[in-house]
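Notes follow once the structure below has been shown.
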Amino acid sequence: MEKKLFGYPQFDDQGEMILSTYNNEYKAMLMDVRVYRLKAGEKRVFKKNDEEMALLLLKGKLLYRFDGKEEAGERKDVFTDGPYCVHVSKNTEVEVEALAETELLVQCTKNDRSFEARFYVPGDAPWKYSAVGKFGNVAKRRVNTIFDIDIAPYSNMVLGEVLNDRGNWSGYLPHRHPQPELYYFMFDRPEGFGASFIGDEVFKSVDKSFSAIPGGKLHPQAAAPGYQMYTCWMIRHLEGNPWHQSDRNEDEAYLWLHDADF
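Position one of the sequence shown corresponds to residue 778 (our numbering), numbered consecutively onward.
In structure tokens:
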């Protein structure tokens, strides 16, 4: 099956939108990633026998039930409020109940380890500005990390979010790493758009599109002027080669920009 680098998925009649799986055109991501749209009052149950799961609230109001606990999350949208997320190991059931119309991203990957479930709230993953004043101040963006190898060393995944300022770049300087990464895009207006670069190829990013970035490919992004772009970034650790925050591996051709005065 041909490997693809970019996708424009749609919700089906059951409110499920499939991004990557272990056997579709995006199997190089080594993750199963889907987005669900729930109506107010709707419930869904998630459980994986040999996979860990992260269930990230994108917008709406939701109750999470797991391990005999109940936790609530409410998010007007990804541009206004910070993330709520439940992260569980294999064989752990999570029931969600939507208290309003809700969108939920579910990231999964194979993991034999068992670990204690954790509920992340906005205070656990604060937005921090990156690249302020650098590169002509057009790569300034807000970034959060919900969990990575330092926060969750038992996990085989990384999960975080980026908010591009209007017309600005992210993933800049152009960088690469051996681990595969999936970017899921949302825009603050339905006609919003940007550009996603993967190696020498470029694609139009629109609301609810995604990039499937193979290991080793450069992958900067840009948002069109006038539009905020949200990116959920998801990385799959490789066996014996996990991703670390310091593993940006910026392309040498662009390193001069760090000292450039605009």
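Heads up, the beta-carbon is just placed ideally off N, CA and C, and yes, glycines get one too.
In the structure shown, K905 adopts extended strand secondary structure according to DSSP, grouped into three states. Between I990 and E968, the C-beta spacing is not below 7 Å. Rounded to the nearest angstrom, the gap between the Cα atoms of S932 and T798 is 18 Å. Nearest to L995 by alpha-carbon distance, out of L1015, A1001, A1030 and R966, is A1030. For K853 and P930, the gap between their C-alpha atoms comes out near 31 Å. By the 16-neighbour rule on beta-carbons within 10 angstroms, F843 is buried. In this structure, the beta-carbon distance from T886 to Y960 does not fall below 7 Å. Cβ contact annotation for D790 (same chain, cutoff 8 Å, sequence separation greater than five): none. For V822, the enclosing beta strand (DSSP E) has its first and last residue at K820 to F823. Taking the Cα of V915 as reference, the smallest distance to any Cα among R1025, L950, L833 and N921 is reached at L950. One alpha carbon belongs to E938, the other to T922, and they sit about 7 Å apart. The three-state reading of DSSP puts W1010 in strand, counting E and B together.
Nearest in C-alpha terms to Y861, of all of R918, E851 and E870, is E851.
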